[in-house]
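Residue numbers (this note's numbering): -10 to 294. Even glycine gets a Cβ: it sits at the ideal position worked out from N, Cα and C.
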Amino acid sequence: MNTTILSDRTTGYFQLMRPPNIPTAWADILAGYAIAGSNAPINSLFWLLLATTGLYGGGVVFNDVFDAELDAEERPERPIPRGAVSSQEATILGGFLLTVGVLAASQVSVVSLILASLIAAATLIYDSTTKHDSLLGPLTMGFCRAGNLLLGISVFPTVFNSINLSNFSGLHPTYLAIIPILYIGAITAISQGEVYGGSRKTGQISVVLMAVVIAILLGCAMTSAHIISALLFVGLLTWRIFPPFVRAATNPQPDFIRSAVKAGILSLVIVNATIASCFAGEVYGFLVLALLPLSMALARLFSMT
């Protein structure tokens, strides 16, 4: 067998799974684990990390499967259009990864199984139907990320019924799932202009959504027992997010939009580090933040979309 072809095929499989994005999904689980509390079983955490790897990896693989014809015109360098991986092979890979994700979640609790199944269904709906809708696309993808945070919380299922509310002004912490909905909504909306450019209106909406996310996190930090470290994480997130998003909103050219999308995806780790710091302190927050250099290193090898 030609080793060059084998190498390109292997590379193609990795490109389909978008490795730089997967640590950001791990960060969701770790933030949810922090919300659930330190008494949550550690072995369940590992099952959920495997679950989110399968769910996220499978979701982005199917993204390329459903976009194969469009990518042939707009992104011929992607694995399926260039012939490194066939659509059938990608479908098998995506199905396998989603199945692993759901089965791994089932090892934790019924709640985890239900959440993983909903996430898998939502990713397929997004990939096949809602992705190109300016409203339903961002909402569907935001739901997937919110579900991923809740999946981390499900490591300790009773947390959905009874939880210490002292960290967030009496609000049940599962309401923090609104953060990934808004955040991913902003990224998904602005990403629609990655190829041909976007509109200033869409960019402005994305900036407003990011500002709302920062405000919610600021409220969480101000009411946290770990206020200093939480505020530092909020500051870091603001510094990382606003410059590229404002630039893309002001001048919605493809290069600026891609830079904003990349910054947004990578900074998901900081969002989760902020949440983790609010509930579990600075040490745990920095543990989550340690995923950022890993994601950035992988981003040098594989594209982030």
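Do Leu38 and Gly90 have their beta-carbon atoms positioned less than 7 Å apart in this structure? Numbered from its first residue, the sequence shown carries residue 90 at position 101. Numbered from its first residue, the sequence shown carries residue 38 at position 49. No, the pair does not count as a contact, with Cβ atoms beyond the cut-off.
Mind checking Trp36: buried by the 16 CB within 10 Å criterion, or exposed? Translated into the one-based positions of the sequence shown, residue 36 becomes position 47. The residue in question, Trp36, is buried, as its Cβ has 16 or more Cβ neighbours within 10 Å.
Measuring only the C-alpha atoms, how far is Ala166 from Gln4? As a working note, residue 166 is residue 177 in the sequence shown. As a working note, residue 4 is residue 15 in the sequence shown. Cα to Cα, the separation comes out at about 29 Å.
Exposure of Gly159, with buried meaning 16 or more beta-carbon neighbours within 10 Å: Locating residue 159 in the sequence shown gives position 170, where the first residue counts as 1. Because Gly159 sits at a pLDDT of 44, beneath the cut-off of 50, its placement in the model cannot be relied upon, and the following sentence gives the value as read from the coordinates. Looking at its Cβ environment, which holds fewer than 16 other Cβ atoms inside 10 Å, Gly159 is exposed.
Where does Thr129 sit, in a helix, a strand or coil, going by DSSP? Here residue 129 corresponds to residue number 140 of the sequence shown, with the count starting at 1. Correct three-state label for Thr129: helix.
Let me check understanding here. Comparing Cα to Cα, which of Ser143, Phe132 and Thr88 lies closest to Ser33? Taking the sequence shown and counting its residues from 1, one reaches residue 33 at position 44. Residue Ser143 is the option with its Cα nearest to Ser33.
What's the C-alpha gap between Phe222 and Gly208? Translated into positions along the sequence shown, residue 222 becomes position 233. Translated into positions along the sequence shown, residue 208 becomes position 219. Cα to Cα, the separation comes out at about 13 Å.
Count the other CB atoms within 10 Å of the CB of Leu104; is the residue buried (16 or more) or exposed (fewer)? As a first step, residue 104 must be located in the sequence shown, where it is residue number 115. Its Cβ being crowded by 16 or more others within 10 Å, Leu104 is buried.
Quick check on the burial criterion: 16 or more other C-beta atoms within 10 angstroms. Buried or exposed for Ser218? Stepping through the sequence shown from its first residue, residue 218 is reached at position 229. Its Cβ being crowded by 16 or more others within 10 Å, Ser218 is buried.
What's the call for Leu171, buried or exposed, on a 16-neighbour Cβ count within 10 Å? Reading the sequence shown from its first residue, position 182 is the one you call residue 171. Buried: at least 16 other Cβ atoms inside 10 Å.
If the criterion is Cβ atoms closer than 7 Å, does the pair Phe210 and Ile203 meet it? Translated into positions along the sequence shown, residue 210 becomes position 221. Translated into positions along the sequence shown, residue 203 becomes position 214. What sits at residue 210 in the sequence shown is Ala, not Phe. No, they are not a contact pair.
Alpha-carbon spacing of Ala111 relative to Met130, whole angstroms: Start at 1 with the first residue of the sequence shown, and residue 111 comes out as number 122. Start at 1 with the first residue of the sequence shown, and residue 130 comes out as number 141. Approximately 8 Å, taken between the alpha carbons.
Would you mind reading off the limits of the alpha helix (DSSP H) that contains Val277? Indexing the sequence shown from 1 puts residue 277 at position 288. Looking at the DSSP string, the run of the alpha helix (DSSP H) that includes Val277 is Glu271 to Leu278.
Apply the 10 Å Cβ neighbour rule to Trp228 and answer buried if 16 or more other Cβ atoms are within range, or exposed otherwise. Within the sequence shown, numbered from 1, the residue matching residue 228 stands at position 239. Exposed, since its Cβ has fewer than 16 Cβ neighbours within 10 Å.
How would you call Pro169, buried or exposed, if buried means at least 16 neighbouring beta carbons within 10 angstroms? In the sequence shown, counting from the first residue as 1, residue 169 sits at position 180. The residue in question, Pro169, is buried, as its Cβ has 16 or more Cβ neighbours within 10 Å.
Could you compute how far the alpha carbon of Phe132 sits from the alpha carbon of Leu198? Residue mapping note: residue 132 aligns to position 143 of the sequence shown, counting from 1. Residue mapping note: residue 198 aligns to position 209 of the sequence shown, counting from 1. Spanning the two alpha carbons is a distance of roughly 15 Å.
For Met6, which option in Gly47, Ala16, Ile24 and Ser(-4) has the closest C-alpha, if you only look at C-alpha atoms? Indexing the sequence shown from 1 puts residue 6 at position 17. Cα-wise, what sits closest to Met6 is Gly47.
Do Phe55 and Asp116 have their CB atoms nearer than 7 Å? Your numbering for residue 55 matches position 66 in the sequence shown. Your numbering for residue 116 matches position 127 in the sequence shown. Contact flag set, yes.
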